[in-house]
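Undergrad:
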Amino acid sequence: MKGKFKRYPADPLDRLWAPWSSTNWNDVSTNSTVRNLYQDSFEAPSVVMQTAVTPINSSSLVIPWDPFPGDVNQFFPVLHISEILDLSGTNQSRQFNVYLNGLRWLGHIMTPEYLYSDAVYSNVPFPSFPTYNVSLEALSNSTLPPILNAFELYTMMSNTSVPSDAGDVEQGESLAKQLLDRMFLKALRQSGHGNRSSHLHNSAHECEEYYLINWGYAFAEILCLVTFNAMTAIKERYRIQRNWMGDPCSPNAFVWDGLNCTYSFSNSPRVIALNLSSSGLTGEITKYVASLSALQYLDLSYNNLTGPIPDDLANLGSIKLLDLTGNQLNGSVPSNLLEMAQNGLLTLRLDGNPHLCDNGTSCNVVPTPKKKKLSTPVILILCIVPVLILFVVIAIVWRVRKTEGLTRGSSVDPQNGFPKQADNSLRLENRQFTYIELQNITNNFQKILGKGGFGSVFHGGLEDGTQIAVKMLSQSSSQGTKEFLAEAQHLTRVHHRNLVSLVGYCNEVNHLALVYEFMSQGTLQDHLRGRANNDRALSWRQRLHIAIDAAQGLEYLHKGCKPPLVHRDVKSGNILLSETLEAKIADFGLSKAFLSEVNSHISTVVVGTPGYLDPEYYNTFQLSEKSDVYSYGVVLLELITGLPPIVPGTENVLLAQWVLQRFSRGNIEDVVDPKLEREYDINCV
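621 is the number that this note's numbering gives to position 629 of the sequence shown; each next residue is one higher, with no gaps.
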């Protein structure tokens, strides 16, 4: 219950064990190995069980908690208990009972075994209470107070709605992606709930989510065993970009977009209408559509569907409308469909399919004219001429650059404030500027782009019209010359399309500056907070590309640099956007080199930005690439939610906690940025 965070490899199951203590508790520990009892399936690691707490001047140890995320969950708490004091040869004893809100929980007296861990857990979920108090009460004849080594809390969310009918949700291959910790399932089996099909899954269609929550630090592991079904097959076949997740018809409030279902007390929900008009569908009409046996209305209009109309569609006994307008279907229309339309049983719409025959007979095939083949001499000419042109261009460029000098002189154009084109262009790589040159380049530091820990950043332009940004180190900077020069050093040796490029620097006695490429669209933070110069919010596709760009830049720092670099301040304010919204990571002033995970950079000073820091850092002050990855994860949440890392209007609630609270309610859409106006792929969130 004390010490530092513990996780893999100390815990092979990679749970994150957070330290937790109280002023009312006494901390005890041992260096001896604590083993698991044979029947203890939770397998708490020894390094966790080697620490424990006991109450100070009391015979009662109380563990309180409030329901999270409310009364929608069922709770399965687990107490990990071991005696870590050697009581042999003494008159000391430790015996206690376990209570829940004053009611007896454990049916027998708890007597911990020396250096053996045991787990106290419930076979059934706890009943719903507004608050919970688990108390360990010492017996009157016990000379020692209760002891507790670790605490876990599992919550279970169940979909109690009736699943879709088996005719629509066909039992096929199982996704069976079991993400729940195996030890919880083992414990349920050993506690009398070994029939997983009856306890965890009341039917083949039920999907239950389990959230594994470590006390003091919550994280989610989701178990969702889902079977392939007709609607899922349609979704996968056409890569539907809608909020299609879970059961198609259940619960009622979350029916898939484009579907209508029928509900009754005696039968499971059935899909009766499917509208995929203007959904960008390509390829042939999938056979799985015909598996929706209760379907009455099918609209596949204005897509790019090809191939023939499946004969199986005529077997849909309840079909009333079939709209295939505006596709590229070919072949003959099935005679059964034509007959149903002629008899007034079906509204059949086929306009806009130029290659479709609607007379019920075989279509005449028009032979495709053969393409003329290019002769060998023509092919050789087409291949050789571009190569020759390329060589000529390279030769001209090389000759021009060879004749150009490296003169630095320039003058300022009074009309735009930027330097005029000099007689001789300058090499930009690692160029050293004088302070006077920076004054000319920035028109005497007229246009400020922003302010940071180092000082202000100014807009400027080089002789050839290239726009640049000049970062000046101010005398009152919160970060010193050492960090400033470190950024220059890092930038001179890192070159990647998703990292800002260094153009040059100024290193005079009283003037330090970095000159790097200008990113015209500012920071990602400005766009997400609505402070950018445009009124349009970033689209979902743009956000995905920005996330990928930033990930590639971060990966290069961690794996492409020798030695690798840990950035230490990854945040949306340090991700800059070009004119085409290409993302590049900036601000390397706090970066440090690290050799490996074992030899990570160790710091005794808190760095970075609140809200982005890995919680483990406050405990260990140890940084590795994982610290950057955590910060990058917060940036991803910003892209999804549009919110800052510390949610405004709350008591310093971190964005990760805010998302977890809402995600646990089962509705992903609650966390998505409303500025997207539902124009996003729910499956990517």
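Even glycine gets a Cβ: it sits at the ideal position worked out from N, Cα and C. Since this is a predicted model, take the numbers as computed values, not measurements.
Could you check if Y604 is buried or exposed, using at least 16 other CB atoms within 10 Å of its CB as the buried criterion?
TA: buried
Undergrad: If you draw a straight line from the alpha carbon of N296 to that of A648, how long is it in whole angstroms?
TA: 41 Å
Undergrad: Could you tell me if E201 is buried or exposed, where buried requires 16 or more neighbouring beta carbons within 10 angstroms of its beta carbon?
TA: Bear in mind that a pLDDT of 32 at E201, under 50, signals an unreliable position, so the number given afterwards is only what the model happens to contain. When all chains shown are included, E201 counts as buried.
Undergrad: Have a look at L313, P261 and E228 and flag the residue whose alpha-carbon is nearest the alpha-carbon of K279.
TA: E228
Undergrad: Between the stretch 15 to 35 and the stretch 86 to 104, do three or more beta carbon pairs fall short of 8 Å?
TA: no
Undergrad: Measure the C-alpha to C-alpha separation of L71 and E630 and round it to an integer number of angstroms.
TA: 36 Å
Undergrad: Which same chain residues end up closer than 6 Å to R654 when comparing Cβ atoms and leaving out the 5 residues on each side of it in sequence?
TA: D662 and V663
Undergrad: Going by the DSSP bridge assignment, what does K551 pair with across the sheet?
TA: DSSP, once it has assigned bridges, lists no residue as partnering K551.
Undergrad: Do you know how far the Cα of P555 is from the Cα of F425?
TA: 28 Å
Undergrad: Can you give the Cα-Cα distance for P56 and R231, rounded to whole angstroms?
TA: Cα-Cα distance, rounded: 47 Å.
Undergrad: Does DSSP classify R234 as helix, strand or coil?
TA: Reduced to three states, the DSSP call for R234 is coil.
Undergrad: Whose CA, out of D456, P346, A461 and Q438, lies closest to the CA of V449?
TA: A461
Undergrad: Measuring alpha carbon to alpha carbon, tell me which of S114, L348 and N319 ends up nearest D291.
TA: N319
Undergrad: Give a yes or no on whether the C-beta atoms belonging to S109 and N18 are separated by under 9 Å.
TA: Between S109 and N18, the CB-CB gap reaches or exceeds 9 Å.
Undergrad: In terms of residues, what are the limits of the alpha helix (DSSP H) holding N611?
TA: P607 to T612
Undergrad: Any chance the stretch 77 to 85 sits against the stretch -5 to 4, with 3 or more Cβ pairs inside 8 Å?
TA: no
Undergrad: Between the alpha carbons of E105 and E608, how many angstroms are there, rounded?
TA: Distance between the alpha carbons of E105 and E608: 32 Å.
Undergrad: Which residues in the same chain have their Cβ closer than 6 Å to the Cβ of L273, if we skip the five residues on either side of it in sequence?
TA: Y230, N295 and L297
Undergrad: Where do the N-terminal and C-terminal ends of the alpha helix (DSSP H) with Q84 fall, by residue?
TA: Here Q84 belongs to no alpha helix (DSSP H), and DSSP marks it neither H nor E.
Undergrad: Does the contact criterion of 3 or more C-beta pairs under 8 Å hold for the stretch 536 to 552 versus the stretch 563 to 575?
TA: yes
Undergrad: Ignore the nearest five residues each way along the sequence and tell me which others in T633's own chain have a CB closer than 6 Å to its CB.
TA: If we look at T633 and ignore the five residues flanking it on each side, its Cβ neighbours are V663 and D665.
Undergrad: Considering just the uninterrupted stretch of the beta strand (DSSP E) at S619, what are its terminal residues?
TA: Element bounds for S619: not the beta strand (DSSP E) but the alpha helix (DSSP H), E617 to T633.
Undergrad: To which residues does DSSP link A130 through a beta bridge?
TA: F88
Undergrad: From E144 to E276, what distance separates their C-alpha atoms?
TA: 51 Å
Undergrad: DSSP three-state label for N319, please.
TA: coil
Undergrad: Taking DSSP as the reference, what is the three-state secondary structure of D579?
TA: Correct three-state label for D579: coil.
Undergrad: Which same chain residues, not among the five before or five after S512, have their C-beta less than 6 Å away from its C-beta?
TA: E571
Undergrad: Run through the DSSP bridge pairs and tell me what P47 is partnered with.
TA: W17
Undergrad: Mark E617 as exposed unless 16 or more other C-beta atoms lie within 10 angstroms of its C-beta, in which case mark it buried.
TA: buried
Undergrad: Just checking, does the stretch 493 to 509 make contact with the stretch 634 to 644 on the three C-beta pairs under 8 Å criterion?
TA: no
Undergrad: If you draw a straight line from the C-alpha of A111 to the C-alpha of T147, how long is it?
TA: 17 Å
Undergrad: What is the DSSP secondary structure of F679, counted as helix, strand or coil?
TA: Outside the shown range of the chain, which is -7 to 677, sits residue 679, and nothing can be said about it.
Undergrad: Compute the Euclidean distance between the alpha carbons of Y427 and F580, then round it to the nearest angstrom.
TA: 22 Å
Undergrad: In the DSSP assignment, what residue or residues form a beta bridge with I684?
TA: Only positions -7 to 677 of the chain appear in the structure, and residue 684 is not among them; the question remains open.
Undergrad: Could you check whether L321 and T339 sit closer than 9 Å to each other, using their CB atoms as the reference points?
TA: no
Undergrad: Would you identify the three-state DSSP class for H559, choosing helix, strand or coil?
TA: coil
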